[in-house]
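First the structure, in the form of structure tokens, and then the observations on it.
Number of protein chains: 2
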Amino acid sequence: MTYPAPLARLIQELSKLPGIGEKSAARLAFHLLKGNLDDVASLADSIGKLREQIGLCPQCFGFSELVAQNGDPPLCSVCRNLQREQDKICVVEEPGDLIAVEKSQEFKGLYHVLHGTISPLDGIGPDALRIKELLERLRHGSIREVIVATNPTMDGEATALYLSKVIKPLGVVVTRIARGMPMGGDLEYIDVVTLGKALEGRREI
Amino acid sequence: MTYPAPLARLIQELSKLPGIGEKSAARLAFHLLKGNLDDVASLADSIGKLREQIGLCPQCFGFSELVAQNGDPPLCSVCRNLQREQDKICVVEEPGDLIAVEKSQEFKGLYHVLHGTISPLDGIGPDALRIKELLERLRHGSIREVIVATNPTMDGEATALYLSKVIKPLGVVVTRIARGMPMGGDLEYIDVVTLGKALEGRREI
Chain A
1 MTYPAPLARL IQELSKLPGI GEKSAARLAF HLLKGNLDDV ASLADSIGKL
51 REQIGLCPQC FGFSELVAQN GDPPLCSVCR NLQREQDKIC VVEEPGDLIA
101 VEKSQEFKGL YHVLHGTISP LDGIGPDALR IKELLERLRH GSIREVIVAT
151 NPTMDGEATA LYLSKVIKPL GVVVTRIARG MPMGGDLEYI DVVTLGKALE
201 GRREI
Chain B
1001 MTYPAPLARL IQELSKLPGI GEKSAARLAF HLLKGNLDDV ASLADSIGKL
1051 REQIGLCPQC FGFSELVAQN GDPPLCSVCR NLQREQDKIC VVEEPGDLIA
1101 VEKSQEFKGL YHVLHGTISP LDGIGPDALR IKELLERLRH GSIREVIVAT
1151 NPTMDGEATA LYLSKVIKPL GVVVTRIARG MPMGGDLEYI DVVTLGKALE
1201 GRREI
């Protein structure tokens, strides 16, 4: 005897989640067996309904809350908000990145989520991303600046470079978020590439 | 704008789980949004049905699979199995500990799950545990040895001591699992209490 079947199945399913190994999965499952019954029911309900309730905004491809089932997803709250600066688009890789930028409260414009990066090694070219849709938005003429906020990784940098190449001909300014020392970081322990970027990007104070 | 409401609710619920902070919860939620739809539905279903499908064995209080809904929970597969040694009971704190002992394949007897330890500081006395039920099982007379496999923690040791005090008068042998060096451990890095127990519990070879 090991685990009763329903428990074994739950543990197996939980261990498919990112960052959750078999031991964590078992601990979570035991918690779900002992924890408050309403909490557990509510978690199951939230997971079960998630995909019906959240879709992608048809303009920026960030998350958008679906009002009615079977309806087309409405514009997300950022795209709907006419108070936001309508002439700037911040381009990010994933919906989670959009939310991170929003939390910084430093950007009041619009967004565009690529859903990935160009990655020749993985066979992901520009066509697999939402770049076509971005260029379409730019052709309408009201956007003056595109801020490329892809991650400072090899693929993120390559994607930024590609975007600048295809966007500049449209007469739109393309900028890239600064790469440098993270706040609270320590020069002694930071990697050389970051330190190099921090020196290269120095500004007069 | 931060998270759409259904996503925020899921993140909040996930972060109630043990060992899952807000960042991990967000990562899990994003995975559930992007991952295979069938996997997500199946996870929701497993969590939702878990508590209907798993109950506690009325004899040993380990997990037992409920065959029919609304029926009384049947004996677990260990208690039902007459091939197991019917004269030994291994006492553990939690159902997960029972499964851990089973996986070691070193024990072929029966179990009893206390569902906790005596913990005066937290106001948990013997009455809050399944000790009454254990003593009841012992009074039937067929058990010759009780192996106390509570954790080697302060509370686990106190519980073991208490059990030996109440069980011995019934004429049943009470043993305690060995405390010593874990396999693969290193004398240089092990704590002094464990090393002391390992020396104290030495055996001729």
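One line per chain: the protein sequences are A and B, in this order. Take 1 as the starting number for the first sequence in my numbering and just add one per residue. Take 1001 as the starting number for the second sequence in my numbering and just add one per residue. We put the beta carbon where it would ideally sit given N, CA and C, even for glycine.
Residues near residue i in its chain [Cβ-Cβ closer than 8 Å; skip 5 each side]
i: B:Asp1191; result: none
i: B:Arg1203; result: none
i: A:Glu157; result: Thr150
i: A:Arg130; result: Phe61, His112, Val113, Leu114 and His115
i: B:Met1181; result: Leu1187, Ile1190, Thr1194, Leu1195 and Ala1198
Residues near residue i by beta carbon distance below 7 Å, same chain, minus five either side
i: B:Gly1125; result: Ile1118
i: B:Ser1055; result: With the sequence shown as reference, residue 1055 of chain B is identified as Gly, and Ser is not the correct amino acid for it. Same-chain partners within the cutoff: Ser1064, Leu1066 and Pro1073.
i: B:Ser1142; result: Gln1086 and Asp1087
i: A:Asp155; result: Thr117, Ile118 and Ser119
i: A:Ile205; result: none
Three-state secondary structure assigned by DSSP to residue i
i: A:Ser119; result: strand
i: A:Val91; result: strand
i: A:Arg202; result: coil
i: B:Gly1048; result: helix
i: B:Val1172; result: coil
i: A:Glu136; result: helix
i: A:Gly55; result: strand
i: B:Val1193; result: helix
i: B:Ser1104; result: helix
i: B:Glu1013; result: helix
i: A:Tyr3; result: coil
i: A:Ser64; result: strand
i: B:Ile1177; result: coil
i: A:Tyr110; result: In the sequence as presented, Tyr is not what sits at residue 110 of chain A; that position holds Leu. It is a strand residue.
i: B:Glu1145; result: strand
i: B:Ile1167; result: helix
i: B:Ile1020; result: coil
Straight-line gap, residue i to residue j (C-alpha atoms, nearest Å)
i: A:Pro18; j: B:Val1173; result: 47 Å
i: B:Phe1061; j: B:Gly1116; result: 12 Å
i: B:Gln1059; j: B:Cys1079; result: 7 Å
i: B:Ser1104; j: A:Cys76; result: 53 Å
i: A:Pro152; j: A:Arg51; result: 30 Å
i: A:Leu195; j: B:Ser1024; result: 29 Å
i: A:Gly201; j: A:Val101; result: 21 Å
i: B:Met1183; j: B:Tyr1189; result: 13 Å
i: B:Lys1049; j: B:Asn1036; result: 20 Å
i: A:Arg144; j: B:Phe1030; result: 31 Å
i: A:Val40; j: B:Ile1047; result: 7 Å
i: B:Ala1005; j: A:Ala5; result: 34 Å
i: B:Asp1210; j: A:Lys34; result: Beyond the ends of chain B as shown, which are 1001 and 1205, falls residue 1210 of chain B; an answer cannot be given.
i: B:Leu1043; j: B:Leu1032; result: 10 Å
i: A:Val193; j: B:Ala1128; result: 59 Å
i: B:Gly1021; j: B:Gln1083; result: 45 Å
i: B:Leu1007; j: A:Asp186; result: 35 Å
i: A:Tyr162; j: A:Gly123; result: 16 Å
i: A:Lys16; j: B:His1140; result: 45 Å
i: B:Lys1132; j: B:Glu1106; result: 27 Å
i: A:Asn81; j: B:Asp1038; result: 34 Å
i: B:Arg1179; j: B:Leu1028; result: 38 Å
i: A:Gln53; j: B:Glu1136; result: 52 Å
Residues near residue i in its chain [Cβ-Cβ closer than 6 Å; skip 5 each side]
i: B:Ile1147; result: Cys1090 and Thr1175
i: B:Thr1159; result: Thr1117, Ile1118 and Thr1150
i: B:Cys1057; result: Ser1064, Leu1075, Cys1076 and Cys1079
Interface partners of residue i on chain C, CB under 9 Å
i: A:Arg51; result: Absent from the structure: chain C. Protein chains present are A and B.
Beta carbon of residue i nearer than 8 Å to that of residue j
i: A:Ala26; j: B:Gly1096; result: yes
i: B:Thr1002; j: A:Ile177; result: no
i: A:Leu170; j: A:Leu134; result: no
i: A:Leu114; j: A:Glu93; result: yes
Original post:
Are three or more beta carbon pairs between the region 99-110 of chain A and the region 158-173 of chain A nearer than 8 Å?
Top reply: no
Original post:
Are three or more beta carbon pairs between the region 5-15 of chain A and the region 1002-1012 of chain B nearer than 8 Å?
Top reply: no
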